[in-house]
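A.B. asks: Here it is, the structure, as structure tokens.
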Amino acid sequence: MGLPHEESSHMAKPQTRSDDLTLIRAERLSAGYGSNLAIRDIDLEIRRGEVVALFGPNGAGKTTTLLTLGGELRAATGRVVWNNSGKWEPLHRRARQGFAFVPEDGAVFGGLTAHQNLMVARRAERDSAMHVFPELRDLLHRRGGLLSGGEQRMLAVGRAIGGPTRLLVADELSLGLAPRTVGVILKAIRAAAERGLGALIVEQHVHRALGFVDRVYVMQRGRITLDMTAAEARKNIDEIQAQYLTAEAPAGITANGNNVEPTEGGGA
259 MGLPHEESSH MAKPQTRSDD LTLIRAERLS AGYGSNLAIR DIDLEIRRGE
309 VVALFGPNGA GKTTTLLTLG GELRAATGRV VWNNSGKWEP LHRRARQGFA
359 FVPEDGAVFG GLTAHQNLMV ARRAERDSAM HVFPELRDLL HRRGGLLSGG
409 EQRMLAVGRA IGGPTRLLVA DELSLGLAPR TVGVILKAIR AAAERGLGAL
459 IVEQHVHRAL GFVDRVYVMQ RGRITLDMTA AEARKNIDEI QAQYLTAEAP
509 AGITANGNNV EPTEGGGA
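Here is the structure:
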């Protein structure tokens with residue numbers, strides 16, 4: 259099949275499109291915690307109307323990548339270009355410009371009802387969220403902390419894509435969820451992409467995700483090792499999983515900034 263060796267950063271370049279479709283771009287991006295780099299020389303981009311998956315074993319640097327794209331972490335070197343600007347901005351400012359970040363824990367306020375969680379958005383966005391996930395209508399008066407993991411995820415994603423969001427970035431989208439719920443959420447994101455949303459999702463269920471995404475990045479030890487279309491990934495999935503998605507110990511530091519014995523390439 260001829261997958262690339264690790265020093266080759268791309269398997270196949272996706273078709274080039276006009277730059278006005280690009281929502282966010284990382285250019286030779288390195289970042290981490292203190293003096294420890296967790297990601298190194300990352301190049302990626304997300305365009306309008308596409309869903310992109312970021313795969314990798316635990317400790318590969320996926321969460322650090324998302325946090326740096328969102329402005330929660332500053333780049334050590336390289337840059338993130340968002341909204342046609344390479345200037346760093348914190349996440350709350352990017353959120354006002356259409357950047358929606360759904361972290362691993364879903365960002366649901368446990369002490370508030372589902373309705374109050376949706377009140378963070380404007381009314382049209384709340385209505386849209388319930389249109390995307392009709393299941394939420396029967397849960398509006400239940401506190402967020404009492405919702406199941408899948409219900410919390412639908413609430414967070416529905417709130418994120420129910421409004422004028424341009425880019426959705428979601429970490430560990432299906433962690434701990436039933437397969438049916440994962441399918442519902444992925445279908446909703448795919449439908450939003452058909453309306454122009456761009457999405458970058460970290461996903462552990464590789465086979466399922468490949469049915470909904472357009473392109474794939476694979477990370478290992480803090481670096482992008484594969485960049486390909488979803489069709490190419492489906493054809494080569496067994497070898498990709500064997501070579502690139504096996505468990506690895508975190509190298510350098512973990513995503514919460516704790517030190518571990520460093521090795522070349524970082525990882526978080």
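Note that my numbering has the sequence shown beginning at 259, numbered continuously upward. Where a beta carbon is used, it is the ideal one built from N, C-alpha and C, also for glycine.
1) Please state whether DSSP places A457 in a helix, a strand or coil.
2) Can you give the beta carbon distance from L503 to G314, rounded, assuming they're within the 8 Å contact cut?
3) When we look at the beta-carbon of N375 and count the other beta-carbons within 10 Å, is it buried (16 or more) or exposed?
4) Starting from D496, trace the beta strand (DSSP E) in both directions and tell me its first and last residue.
5) Which residues share a DSSP beta bridge with E303?
6) Please give the ranges of any alpha helix (DSSP H) in the stretch 351 to 402, keeping only runs that are unbroken, at least 4 residues long and fully inside the region.
7) Using the Cβ count rule (16 or more neighbours within 10 Å means buried), how would you classify T335?
8) Look at the alpha carbon of R332 and the alpha carbon of D278, and state the distance between them as a whole number of angstroms.
9) Would you kindly work out how many angstroms separate the C-alpha atoms of Q478 and L404, rounded to a whole number?
10) For A446, which of helix, strand or coil comes out of DSSP?
11) Mark A489 as exposed unless 16 or more other C-beta atoms lie within 10 angstroms of its C-beta, in which case mark it buried.
12) Measuring CB to CB, does G362 end up less than 8 Å from E461?
13) Can you tell me which of R306, N316, N341 puts its alpha carbon nearest to the alpha carbon of L327?
14) In whole angstroms, what is the alpha-carbon distance linking R352 and H465?
15) Can you tell me the Cα-Cα spacing of R400 and R411, whole angstroms?
16) Helix, strand or coil for L327 per DSSP?
17) Are there 16 or more other CB atoms within 10 angstroms of the CB of M269, so buried, or fewer, so exposed?
18) Taking DSSP's pairing of strands, which residues face S343 in a bridge?
19) Give me the Cα-Cα distance between A428 and L458, rounded to the nearest whole angstrom.
20) Can a CB atom of chain C be found closer than 8 Å to the CB of V474?
21) What whole-angstrom Cβ distance do L425 and F470 have, given they're in contact under 8 Å?
22) How about T280 and R298: are their beta carbons less than 8 Å apart?
23) Over the uninterrupted alpha helix (DSSP H) stretch that includes A418, give me the two end residues.
24) So what's R466 in DSSP terms, helix, strand or just coil?
C.D. replies: Judging by the given coordinates:
1) Counted from its first residue, the sequence shown places residue 457 at position 199. In this structure, A457 counts as strand in the three-state DSSP scheme.
2) Start at 1 with the first residue of the sequence shown, and residue 503 comes out as number 245. Start at 1 with the first residue of the sequence shown, and residue 314 comes out as number 56. Going by Cβ atoms, the distance from L503 to G314 rounds to 7 Å, so yes, they are a contact pair.
3) As a position in the sequence shown, residue 375 is number 117, starting the count at 1. So N375 ends up on the buried side.
4) In the sequence shown, residue 496 corresponds to position 238, counting from 1. From DSSP, D496 is part of no beta strand (DSSP E) but of the alpha helix (DSSP H) over 495 to 502.
5) Sequence index remark: in the sequence shown, residue 303 carries index 45 (1-based). According to DSSP, which records beta bridges pairwise, E303 is partnered with R283.
6) Listed in chain order, the alpha helix (DSSP H) elements of length 4 or more contained wholly in the stretch 351 to 402 are 372 to 376, 381 to 390.
7) Numbered from its first residue, the sequence shown carries residue 335 at position 77. With fewer than 16 other beta carbons inside 10 angstroms of its own, T335 counts as exposed.
8) For the purposes of this step, residue 332 is identified with residue 74 of the sequence shown, where counting begins at 1. For the purposes of this step, residue 278 is identified with residue 20 of the sequence shown, where counting begins at 1. Roughly 25 Å separates the two Cα atoms.
9) For the purposes of this step, residue 478 is taken as the residue at position 220 of the sequence shown. For the purposes of this step, residue 404 is taken as the residue at position 146 of the sequence shown. For Q478 and L404, the distance between alpha carbons rounds to 36 Å.
10) Here residue 446 corresponds to residue number 188 of the sequence shown, with the count starting at 1. Note: A446 maps to helix in three-state DSSP.
11) Here the question's residue 489 lines up with position 231 in the sequence shown. It counts as exposed.
12) Numbered from its first residue, the sequence shown carries residue 362 at position 104. Numbered from its first residue, the sequence shown carries residue 461 at position 203. Checking the displayed sequence, the identity of residue 362 turns out to be Glu instead of Gly. Not closer than 8 Å, so no.
13) Counted from its first residue, the sequence shown places residue 327 at position 69. Of the candidates R306, N316, N341, the one whose C-alpha sits nearest the C-alpha of L327 is N341.
14) On the sequence shown, residue 352 is found 94 positions in, with the first residue counted as 1. On the sequence shown, residue 465 is found 207 positions in, with the first residue counted as 1. Straight-line Cα distance between these residues: approximately 31 Å.
15) As a first step, residue 400 is located in the sequence shown; it is residue number 142 there, counting from the start. As a first step, residue 411 is located in the sequence shown; it is residue number 153 there, counting from the start. Their backbone Cα atoms lie some 14 Å apart in a straight line.
16) On the sequence shown, position 69 is the one that residue 327 refers to. In this structure, L327 counts as helix in the three-state DSSP scheme.
17) Taking the first residue of the sequence shown as position 1, residue 269 is located at position 11. Annotation note: pLDDT 46 at M269 (below 50); position unreliable, coordinate value reported separately. The residue in question, M269, is buried, as its Cβ has 16 or more Cβ neighbours within 10 Å.
18) The residue you call residue 343 lines up with position 85 of the sequence shown. The partner list for S343 (beta bridge, DSSP) reads W340.
19) To locate residue 428, count along the sequence shown from 1; it is residue 170. To locate residue 458, count along the sequence shown from 1; it is residue 200. Distance between the alpha carbons of A428 and L458 is about 6 Å.
20) The displayed structure is made up of one protein chain only, and chain C is not part of it.
21) On the sequence shown, position 167 is the one that residue 425 refers to. On the sequence shown, position 212 is the one that residue 470 refers to. Not a contact, Cβ separation roughly 17 Å.
22) Within the sequence shown, residue 280 is the residue found at index 22, counting from 1. Within the sequence shown, residue 298 is the residue found at index 40, counting from 1. Not closer than 8 Å, so no.
23) On the sequence shown, position 160 is the one that residue 418 refers to. Looking at the DSSP string, the run of the alpha helix (DSSP H) that includes A418 is 407 to 419.
24) Position 208 of the sequence shown, counting from 1, holds the residue named residue 466. For R466, the three-state secondary structure derived from DSSP is helix.
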